[in-house]
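Q: Input: one structure, supplied below.
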Amino acid sequence: MNLSRRKFFINFGKGAGYLALVASLPQMAWAKWNQKAFTATNLDAAIKAKYGELPIVDSKEVNLKAPAIAENGAVVPVKVKSSLADVKSISLFVKDNPSPLTTTLNLGKNSLADIQIRIRMGKTSEVIAIVESGGKLHRASQQVKVTIGGCGG
Amino acid sequence: MATKIKIKVKAKEKKGIVKAKLLVKHPMESGMRKDKAGQLIPIHHLKEVKVDYKGETVFHGEFGTGVSKDPFVAFAFKGTAGDKFTVDAVDSKGNTGNVEVKIK
Amino acid sequence: MRRKITFAVLAVCFLSLAACSDDNNDSSTSEPASVKKTEAVNYQDKVNQDVKSFRAFYSNKFPNVELTEFKDGVYAIDQATREQWLEIEEFPPYELSIDEGQEFFEAPFANGKSYRDCFKNVDQGIRQNYPFFDSASQQVVTLELAINQCRENNAEPALEYGMGELAAISAYIANLSREKVFDIKVPTKEAYTAYMSGKQFFYSKRGQLNFSCADCHLKIAGSNLRADVLSPAIGHPTGMPVYRSNWGELGTIGHRYRECNKNVRSEPLAYQSEAYRNLEFYQTIMSNGLAVNGPSSRK
């Protein structure tokens, strides 16, 4: 066996071993963090990285509550509630943030689709909530204004 | 040496629904801020928070740098007062934290 | 002598919002004794007149706000930001600092003593007693100054002012004092001098932008400064120390004074400088009757 082929098999073995390890981990283990989605710099790329080609519909069954004008872009309180059944996860995107995906909150079968979080917004932007349920993505969005204060920020 | 992540939790049950609130002490550095010397402060953010109750994961939050400093998150699940659940956290530097909470 | 006293009284009144009266109408021959007696009563009375006028100004400007509600600062007068603030208050970030402050407070000094030896009544609530005019050292003592004095008296190095450990300890102490009502006294001439110095600072224009504290927080309180609603000065100290979203951490009133001074392009003074301590003295007295609600969260 020449050098390159030997190297190939060694690396293949290593790779296979790693894949086998990851595959054997329980579903919600520490390996979920989606690097590509969290570091994507535009909204569509972030959604695609997170959900692939799942269809998105605007839904009245997703209730997004955020202030019309954020008091401070560093701390914007947001609530998302949904009456949809079997909600797998709720994600929040800020369209004009450097990295639009802020968070994905994954829920168990005995959990309610009712979450609150405080997010950062760099500037006035659309805030989008995406609820994954029944193999589809259900979306609600709202514009949140971020202003420049007069007292040091 | 890794530092322990501080987690504060409030959990109350009403009519079979547990409403839980989490506050995690974390700088949530985006990696875009500069210090006084003009150097970029390295990225350092809370990555995941996992909540287990009676052998099941009721909540698993994934966080990016778009979450506010000292992250706050609230969620709800079916449960009973007097029961306990665990909260585990890990950040982008591998620091971890965990706490056991009794539902009020 | 009488003319000098009258002139002094009038000069003092010139800076005051309150109408004032010349109290030395009697032409008694035993002047020193009677003058001393009237002086001791006048200082607290004059201060109380000032407080009355100050309150009246804000009650007139914001007729729908109860006096005691001014402790909530801008959130007492602006509904939109109040809603966001209330959401954050459900589990505010300063709770982490209170826990930290408790740990710092209870850790013993190298000599075996602890903060509890300096602040014996901390559990009953003591925040409402600060700042006070200390006749022994003839200066205004703020809570933060007292914390460091406690450390120095126990051979511990002083903590940095403004943020961090000191702010956390201040938060712990304030939290134990919630709902206690401020009633700072001005019993002596020296205390009154410090009070007047603080009052003068409050009304003096400073910085490149040439604003006084009163310009923004009295005259046009409630108006917008770009997208900020200007908070009324009454109630400013009650929620200290404060977790400002802007700072992403807890800071003291002194830290805010320095920041505000920088905002008007005025050189900030050193933490716990006499001018800032006197200003805090004046501001807290103007907030007498309001309750402690610190630590608090703000924009």
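Protein chains in written order, with this note's numbering: chain X, 1 to 153; chain G, 1001 to 1104; chain W, 2001 to 2299.
Think of the CB as a built atom: it goes at the ideal place given N, C-alpha and C, for glycine as much as any other residue.
(1) Around the Cβ of Ser2223(W), are there at least 16 other Cβ atoms within 10 angstroms (buried) or fewer (exposed)?
(2) Name, please, each residue of chain G whose Cβ falls closer than 9 Å to the Cβ of Val144(X).
(3) Residue range of the alpha helix (DSSP H) that Arg2258(W) falls in?
(4) Mapping DSSP to helix, strand and coil, what is Leu44(X)?
(5) Should Asn42(X) be counted as a contact of the ligand SAM given a C-beta to heavy atom distance under 6 Å?
(6) Taking C-alpha atoms, which residue in Ser2287(W), Phe2132(W) and Asn2246(W) lies nearest to Arg120(X)?
(7) Taking C-beta pairs closer than 7 Å, name the residues in chain G that Gly2162(W) reaches, listed in chain order.
(8) Alpha carbons only, please: which of Asn97(X), Leu64(X), Lys95(X) and Phe38(X) is nearest the one belonging to Ser83(X)?
(9) Any idea which residues DSSP pairs Pro77(X) with across the strands?
(10) Quick check on Arg139(X): does DSSP put it in helix, strand or coil?
(11) What's the C-alpha gap between Gln2044(W) and Asn2293(W)?
(12) Can you give the beta carbon distance from Ser2197(W) to Lys2205(W), rounded, assuming they're within the 8 Å contact cut?
(13) Taking a cut of 7 Å between CB atoms, which residues from the stretch 1057 to 1084 of chain G lie near chain W?
(14) By Cβ distance, which residues of its chain are closer than 8 Å to Cys2216(W), with the 5 residues on each side in sequence left out?
(15) Near Arg118(X), what residues of its chain come up, given a Cβ to Cβ distance below 6 Å and the 5 sequence neighbours on each side ignored?
(16) May I ask which residues mark the beginning and end of the beta strand (DSSP E) holding Lys1014(G)?
(17) If you run the structure through DSSP and keep just helix, strand and coil, what is Leu54(X)?
(18) Do Val1087(G) and Ile1007(G) have their C-beta atoms within less than 7 Å of each other?
(19) Where DSSP assigns a beta bridge to Leu2225(W), which residues make up the other side?
(20) Assuming Leu105(X) contacts Phe1077(G) (C-beta within less than 8 Å), just tell me the rounded distance between them.
(21) Under 7 Å between beta-carbons, which chain W residues line up against Ala129(X)? List them in chain order, please.
(22) Would you mind sorting Pro2157(W) into buried or exposed? The rule is 16 or more other CB atoms within 10 Å of its CB.
A: For this structure:
(1) Classification of Ser2223(W): exposed, given that the 10 Å Cβ count is below 16.
(2) Here the premise fails: no neighbours, minimum Cβ distance about 13 Å.
(3) Segment Ile2253 to Asn2263, the alpha helix (DSSP H) holding Arg2258(W).
(4) The sequence given here has Asp at residue 44(X), not Leu. Correct three-state label for Asp44(X): helix.
(5) You won't find the ligand SAM in this model; it holds no ligand whatsoever.
(6) The residue with the shortest Cα to Cα distance from Arg120(X) is Asn2246(W).
(7) The CB of Gly2162(W) never comes closer than 7 Å to any CB in chain G; the least such distance is about 15 Å.
(8) With distances taken between Cα atoms, Ser83(X) lies closest to Leu64(X).
(9) For Pro77(X), which the question treats as bridged, DSSP gives the partners Arg118(X).
(10) Arg139(X) sits in a strand when the DSSP states are folded into three classes.
(11) Near 25 Å, if we compare the C-alpha coordinates of Asn2293(W) and Gln2044(W).
(12) In this structure Ser2197(W) is not in contact with Lys2205(W), their Cβ atoms being roughly 16 Å apart against a cut-off of 8 Å.
(13) Flagged, chain order: Lys1069, Asp1070 and Phe1072.
(14) The residues are Leu2225 and Leu2230.
(15) Excluding sequence neighbours, Arg118(X) sits near Val75 and Pro77.
(16) Residue range Ile1007 to Lys1014 is occupied by the beta strand (DSSP E) that includes Lys1014(G).
(17) Coil at Leu54(X), not helix or strand.
(18) Yes.
(19) According to DSSP, which records beta bridges pairwise, Leu2225(W) is partnered with Asp2228(W).
(20) Actually they are not in contact, since the Cβ atoms of Leu105(X) and Phe1077(G) sit about 12 Å apart, beyond 8 Å.
(21) By Cβ distance, chain W contributes nothing, its closest Cβ being about 16 Å from Ala129(X), past 7 Å.
(22) Classification of Pro2157(W): exposed, given that the 10 Å Cβ count is below 16.
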